Ligand code: TYD
């Protein structure tokens, strides 16, 4: 199972150019998995929250391609809030991390590279169920969630 320390911040290469910068991400070279799916959130109204789930197996790379948003990360023992606001730097999330996205700036775009095709059975959408699962598979830990 996964802990917050397993979440990595990853910076894409940046080709700077007076005409505008260019970044790129390649499977296995930058992202340590083959991404089978890309999805993106856009036109998010002010005050909206997305996410609110964990994944049993799916791994993801999440990046603020444009604008900014916050991502609340929770491994069943502790949680932290991370602000993403760079087009070249995102977060690599292992499976079994609960996430909530909010505080979207106007015009922001959240892009996600996913290791698997969309599969509803991979979602855990109930927070208590997630915590029970995360704690039962990390029995040596007994940290309280803030
Ligand atoms: P969901 O993953 O719950 O959105 P978020 O976590 O960003 O708030 O997905 C919302 C809806 O979109 C849900 O009905 C499933 C559907 N969906 C797809 O059909 N394919 C996809 O790749 C994703 C991510 C979602």
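Numbering (the numbering used here), first residue to last: 69 to 214. Just so you know, even glycine gets a beta-carbon here, dropped at the ideal spot from N, CA and C. Model, not experiment: these values are computed from the prediction.
Enclosing beta strand (DSSP E) for residue i [first to last residue]
| i | result |
| --- | --- |
| residue 108 | 105-109 |
| residue 152 | 147-152 |
| residue 137 | 137-142 |
| residue 118 | 118-123 |
CB contact flag (residue i, residue j, <8 Å)
| i | j | result |
| --- | --- | --- |
| residue 172 | residue 112 | yes |
| residue 161 | residue 131 | no |
Residue span of the alpha helix (DSSP H) that contains residue i, given as start and end
| i | result |
| --- | --- |
| residue 160 | Unbroken run through residue 160 is the beta strand (DSSP E), 157-161; no alpha helix (DSSP H). |
Residue i Cβ short of 7 Å to the ligand TYD heavy atom set
| i | result |
| --- | --- |
| residue 141 | no |
| residue 135 | no |
| residue 149 | no |
| residue 109 | yes |
| residue 195 | no |
Residue i - partner residues in DSSP beta bridges
| i | result |
| --- | --- |
| residue 83 | 90 |
Cα-Cα separation between residue i and residue j, rounded to whole angstroms
| i | j | result |
| --- | --- | --- |
| residue 214 | residue 85 | The predicted position of residue 214 is uncertain, since its pLDDT is 46 and thus under 50; no value can be drawn from it. |
| residue 198 | residue 87 | 46 Å |
| residue 125 | residue 89 | 34 Å |
| residue 102 | residue 154 | 23 Å |
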